[in-house]
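Asks:
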Amino acid sequence: MDFLLYFFERREIVLSSTLRHVEVSLIAVVLSVAIAVPLGILITRYRKMAHVVVNSANIGQTVPSLAILGMVIPILGIGLKPAVFALVLRGVLPIINNTYSGIVNVDRSVIEAGRGMGMKNRQILTLVELPLSFPVIMAGIRTATVLSISVATLAALIGAGGLGDLIFQGIVMADRNLLLTGSIPTAILAIAADLILGGVEKRLRRGAVQ
Amino acid sequence: MSILAYFVKNQALILKLTLEHIEITVIAVSISTLIGVIIGILITRYKRAATPVIGIAGILYTIPSLALFGMLIPFIGIGLKPTLIALILYSQLALIRNTFVGITHIDPSIREAGRGMGMSSWQFLRMVELPVALPVIMAGIRTAAVMNIGTATIAAYIGAGGLGWLIFRGIASVNTEQIVAGALPVTLLAIGVDYLFVLLERYLTPSGLRH
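Chains as they are written, first to last, in our numbering: chain A, 1 to 210; chain B, 1001 to 1211.
1) Do you know offhand how far A/Leu26's Cα is from B/Leu1125's?
2) Are A/Ala155 and A/Ala67 closer than 8 Å when you measure CB to CB?
3) I'd like to know if B/Val1053 contacts chain A, where contact means its C-beta is closer than 8 Å to some C-beta of that chain.
4) Alpha carbon to alpha carbon, what distance is there between B/Val1101 and B/Pro1052?
5) Closest by CA to B/Leu1019, which one among B/Val1186, B/Tyr1203, B/Ser1207?
6) Can you find a C-beta in chain A that's less than 8 Å from the C-beta of B/Thr1018?
7) Helix, strand or coil: how does DSSP classify B/Thr1205 here?
8) Anything in the segment 116-135 of chain A with a Cβ closer than 8 Å to a Cβ of chain B? List those residues in chain order, please.
9) If I'm right that B/Arg1180 touches B/Ile1003 with Cβ under 8 Å, what's the distance once you round it to whole angstroms?
10) Alpha carbon to alpha carbon, what distance is there between A/Asn121 and B/Thr1033?
11) Beta-carbon of B/Gly1162 versus every beta-carbon of chain A: anything under 8 Å?
12) Closest Cβ-Cβ distance between B/Pro1074 and chain A: below 8 Å?
13) How is the alpha helix (DSSP H) around B/Leu1004 delimited, first residue to last?
14) Over the uninterrupted alpha helix (DSSP H) stretch that includes B/Met1071, give me the two end residues.
15) If you drop the 5 nearest sequence neighbours on each side, which residues of the same chain put their C-beta closer than 7 Å to that of A/Ala144?
16) By how many angstroms is the C-alpha of B/Tyr1006 removed from the C-alpha of B/Ala1012?
17) Does B/Val1198 have its Cβ less than 8 Å from a Cβ in chain A?
18) Go through its chain and collect everything with a Cβ distance to B/Ile1085's Cβ below 8 Å, but skip five positions before and after it.
19) Whose C-beta lies closer than 6 Å to the C-beta of A/Ala21 among residues of the same chain, with five residues either side of it excluded?
20) Pick out whichever of B/Phe1197, B/Ile1103, B/Lys1016, B/Gly1058 has its Cα sitting closest to the Cα of B/Thr1044.
21) Roughly how many whole angstroms lie between the Cα atoms of A/Asn177 and A/Leu69?
22) If A/Ile150 and B/Ser1065 are in contact, beta carbons under 8 Å, what's the gap, nearest whole angstrom?
23) Where do the N-terminal and C-terminal ends of the alpha helix (DSSP H) with B/Asn1148 fall, by residue?
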């Protein structure tokens, strides 16, 4: 009861922090997609490069987020830009991997059929490979989005704002109401993003099969 | 150069924090594995529970670590306890799912052979299912270990110790050397553990199943 009252009194800051959180994560995801999808496509054309890129991406995914965030500071300083940069570093890896594996796993016979119809490379890509691998790419985007929301919480530390601010303050001040006021919306945001994108992915999969 | 100097000057501290970090991870991974594998085996016996159990583990996995800490602290305080609980909760998805998939994907002919030899359900689990599923379970433990190293870094903020302490201190005091002194060892630790598990998986795959 006590908490609900506290939460209600702070609804404006919760709302503005949530919007900021969504904004930072969204910018990062859009940039990640813009970088990772073309890169993923590119490495399907240069298979030798693919091995190196996919392996590096796999190793990169093991690097702790806080380490990435920390190492961005000496290079870019603090604020929104370095925070988004760190989020993008995290976000591109799953999308590169999924774009690559999505396209590589498209049935060869379908591509042959496209060629037989006289499609050019570009048409094969836009009319065959991308539509068929879209559910897999979407799964990568979903992973990247959930990751971005999570790393954005930490990015509050380097001045990105968002819900992480409330949680860090709550920890420092040992204020349980503030802690819950920051944590619960953050958790809901991540779970909601995952469920929504999961639904989109499922729908795409069904579409791809038909 | 100054970074190298910082490392040399603070080597005792860095070593101590590295050991702390490894300790937290080892404890969390051990407990997680025990719980996750048991739950994973149970849901192969009660298939109807599989989807909801894996679903709940998936939702827990989605919660950002800082938010999970934020929700645990009001009820269990700060320090090692909430840290271990959070790490264990995060690990469950990888462990339960891999155990379940590892066991349910065993070749039906292997199943038949075991049954035909008159094995009891317990013998079958111990002598067939677990050994054959072991590489897949190991892959789950690997994911959990790497993830726990990362999350343990963040737990330094709530007093769990470990290498994250240097990163948080370095960020707060705008001390690049201190940030790198935490970030570099923890990165190497994560990559090293990941590689160690690759070798272990290869070693543990029964020779009959090796490609």
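We put the CB at the ideal spot given by N, CA and C, even for glycine.
Replies: Taking the coordinates as given:
1) Residue numbering aside, residue 26 of chain A sits at position 26 when the first sequence is read from its first letter. Residue numbering aside, residue 1125 of chain B sits at position 125 when the second sequence is read from its first letter. Cα to Cα, the separation comes out at about 46 Å.
2) Locating residue 155 of chain A in the first sequence gives position 155, counting from the first residue. Locating residue 67 of chain A in the first sequence gives position 67, counting from the first residue. No, the Cβ-Cβ distance between A/Ala155 and A/Ala67 is not below 8 Å.
3) The residue labelled residue 1053 of chain B in the question sits at position 53 within the second sequence. No, B/Val1053 lies away from the interface with chain A (no Cβ there is under 8 Å from its Cβ).
4) Residue 1052 of chain B sits at position 52 when you count from the first residue of the second sequence. Residue 1101 of chain B sits at position 101 when you count from the first residue of the second sequence. It is roughly 15 Å from the alpha-carbon of B/Pro1052 to the alpha-carbon of B/Val1101.
5) Position 19 of the second sequence, counted from the first residue, corresponds to residue 1019 of chain B. Considering only alpha carbons, the answer is B/Val1186.
6) In the second sequence, residue 1018 of chain B corresponds to position 18, counting from 1. No, its Cβ sits nowhere closer than 8 Å to a Cβ of chain A.
7) What you label residue 1205 of chain B is simply residue 205 of the second sequence in a count that begins at 1. If DSSP states are grouped into helix, strand and coil, B/Thr1205 belongs with coil.
8) none
9) To locate residue 1180 of chain B, count along the second sequence from 1; it is residue 180. To locate residue 1003 of chain B, count along the second sequence from 1; it is residue 3. Checking the sequence shown, residue 1180 of chain B turns out to be Val, not Arg. Right, their Cβ atoms sit about 5 Å apart.
10) For the purposes of this step, residue 1033 of chain B is identified with residue 33 of the second sequence, where counting begins at 1. For the purposes of this step, residue 121 of chain A is identified with residue 121 of the first sequence, where counting begins at 1. C-alpha separation (whole angstroms): 48 Å.
11) Mapped onto the second sequence, residue 1162 of chain B falls at position 162. So, not an interface residue.
12) One-based indexing of the second sequence puts residue 1074 of chain B at position 74. Look at B/Pro1074: its C-beta is under 8 Å from a C-beta on chain A.
13) Within the second sequence, residue 1004 of chain B is the residue found at index 4, counting from 1. Note, B/Leu1004: alpha helix (DSSP H), 1002-1009.
14) Within the second sequence, numbered from 1, the residue matching residue 1071 of chain B stands at position 71. DSSP places B/Met1071 in the uninterrupted alpha helix (DSSP H) bounded by 1065-1076.
15) In the first sequence, the residue the question calls residue 144 of chain A occupies position 144. Only Val29, Ser32, Gly91, Pro94, Ile95 meet the Cβ criterion.
16) The count along the second sequence starts at 1 and reaches residue 1012 of chain B at position 12. The count along the second sequence starts at 1 and reaches residue 1006 of chain B at position 6. Near 11 Å, if we compare the C-alpha coordinates of B/Tyr1006 and B/Ala1012.
17) Position 198 of the second sequence, counting from 1, holds the residue named residue 1198 of chain B. At a cut-off of 8 Å, the C-beta of B/Val1198 has no neighbouring C-beta in chain A.
18) As a working note, residue 1085 of chain B is residue 85 in the second sequence. Here the set comprises Leu1072, Ile1076.
19) In the first sequence, counting from the first residue as 1, residue 21 of chain A sits at position 21. A small fix is needed here, since residue 21 of chain A is His in this sequence, not Ala. Closer than 6 Å at Cβ, skipping near neighbours: Ala152, Gly162, Leu163.
20) As a working mapping, residue 1044 of chain B is identified with position 44 in the second sequence. When each option's Cα is compared against that of B/Thr1044, the closest is B/Ile1103.
21) Working through the first sequence from its first residue, we reach residue 177 of chain A at position 177. Working through the first sequence from its first residue, we reach residue 69 of chain A at position 69. If I take the Cα positions, the gap works out to 27 Å.
22) Along the first sequence, read from residue 1 onward, the residue named residue 150 of chain A stands at position 150. Along the second sequence, read from residue 1 onward, the residue named residue 1065 of chain B stands at position 65. It is worth fixing the name first, because residue 150 of chain A is Ser in this sequence and not Ile. Confirmed, about 7 Å.
23) By 1-based counting over the second sequence, the position of residue 1148 of chain B is 148. Counted as a single uninterrupted DSSP element, the alpha helix (DSSP H) harbouring B/Asn1148 occupies residues 1130-1155.
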